[in-house]
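In this note's numbering, the protein residues as written are 300 to 477. Note that CB positions come from ideal geometry on N, CA and C, so glycine has one too. Each remark here refers to the structure printed beneath this line.
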Amino acid sequence: MRETAAEITELQALLDAAYQRSTEHLRSIITGPRRLDADALVRVLTGMCTLNVATVTARGEPRISAVDGHFIHARWVFSTAGTAAKARHLRARPATSISYVDGERIGVFSHGDVEFLTPEHPDFEEIEAHLTKYYGSSPSSWGPDIVYCRQQPTWMVGYGDQKALLAETEKQTAKRKK
Numbered sequence: 300m301r302e303t304a305a306e307i308t309e310l311q312a313l314l315d316a317a318y319q320r321s322t323e324h325l326r327s328i329i330t331g332p333r334r335l336d337a338d339a340l341v342r343v344l345t346g347m348c349t350l351n352v353a354t355v356t357a358r359g360e361p362r363i364s365a366v367d368g369h370f371i372h373a374r375w376v377f378s379t380a381g382t383a384a385k386a387r388h389l390r391a392r393p394a395t396s397i398s399y400v401d402g403e404r405i406g407v408f409s410h411g412d413v414e415f416l417t418p419e420h421p422d423f424e425e426i427e428a429h430l431t432k433y434y435g436s437s438p439s440s441w442g443p444d445i446v447y448c449r450q451q452p453t454w455m456v457g458y459g460d461q462k463a464l465l466a467e468t469e470k471q472t473a474k475r476k477k
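Here you go:
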C-alpha cells in the first residue's frame with residue numbers, strides 16, 4: 300500500500316461518485332456488503348493483478364488485451380511494448396476501460412484516460428523502483444521500446460466480500476512476515 304491519506308480520500312470520492320452515476324442494474328449487484336471502499340481496495344490490490352485493458356482502433360472497433368497491472372497511488376499502472384497495438388491505440392485515443400476480476404472473489408472496473416510516463420515524469424522513478432523490485436529487473440530492460448502507462452480514472456467501482464478480503468489480506472501479510 301503506497302497510497303497517502305489524501306489519495307485514499309480522493310479514491311473514495313471517485314468510488315462514491317461512480318456508484319451514484321451507475322445504472323440501477325449495477326447498483327442491484329454491487330450492494331452494501333459487496334461494495335468495496337477505498338481503504339479495502341488499496342489494501343487488497345497489492346502485487347501484480349492481471350488486468351483486461353480495452354482500447355479502440357482508428358475505425359472505432361474495440362480491442363481487449365491482458366497486461367500485468369499494479370495499483371500504485373490509487374491508479375492502475377502497466378507497461379507494454381511501444382510497438383504493441385494497445386500502445387498505438389492509447390497514443391491516438393487515450394480513453395480506456397480496465398477490469399480486474401478474480402472470479403467471485405473481487406472485481407474492479409474503471410474508465411478513464413491513460414497517460415504515458417516517461418523517465419522525466421515525477422512519478423516515474425518510484426513506479427520503476429516498484430516494478431523492478433517486483434519482477435527482479437526493470438521493465439525498461441525487457442526491450443528497446445517499453446512504455447509505462449497509468450490510467451487516470453474518471454469512474455471506478457469494486458465488488459467483493461470486503462470483510463473476507465481484508466481478513467485474507469491480513470493472513471497473507473502475517474505469513475510473509477514469518
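From the DSSP output, in three-state form, read off I499 for me.
Residue 499 is absent from the model: the chain starts at 300 and stops at 477.
Does the separation of the CB atoms of E302 and H369 fall below 7 Å?
Within the sequence shown, the letter at position 3 stands for residue 302. Within the sequence shown, the letter at position 70 stands for residue 369. No. Outside cutoff.
What three-state label does DSSP hand S437 in the structure shown?
Your numbering for residue 437 matches position 138 in the sequence shown. In this structure, S437 counts as coil in the three-state DSSP scheme.
Can you tell which of L465, G402, G411, A317 has the C-alpha that lies nearest to the C-alpha of R449?
Numbered from 1 along the sequence shown, position 150 holds the residue referred to as residue 449. Looking at the Cα atoms, G411 is the closest of the given residues.
Cβ distance (whole Å) where L314 is taken to contact M455 below 8 Å
In the sequence shown, counting from the first residue as 1, residue 314 sits at position 15. In the sequence shown, counting from the first residue as 1, residue 455 sits at position 156. Right, their Cβ atoms sit about 6 Å apart.
Would you say T395 and T354 are within 7 Å of each other, going by their C-beta atoms?
Numbered from its first residue, the sequence shown carries residue 395 at position 96. Numbered from its first residue, the sequence shown carries residue 354 at position 55. The answer is yes: Cβ separation under 7 Å.
The region 343-357 in contact with the region 387-407 per 3-pair CB rule at 8 Å:
yes
From the DSSP output, in three-state form, read off T431 for me.
Here the question's residue 431 lines up with position 132 in the sequence shown. Here T431 sits in helix by DSSP.
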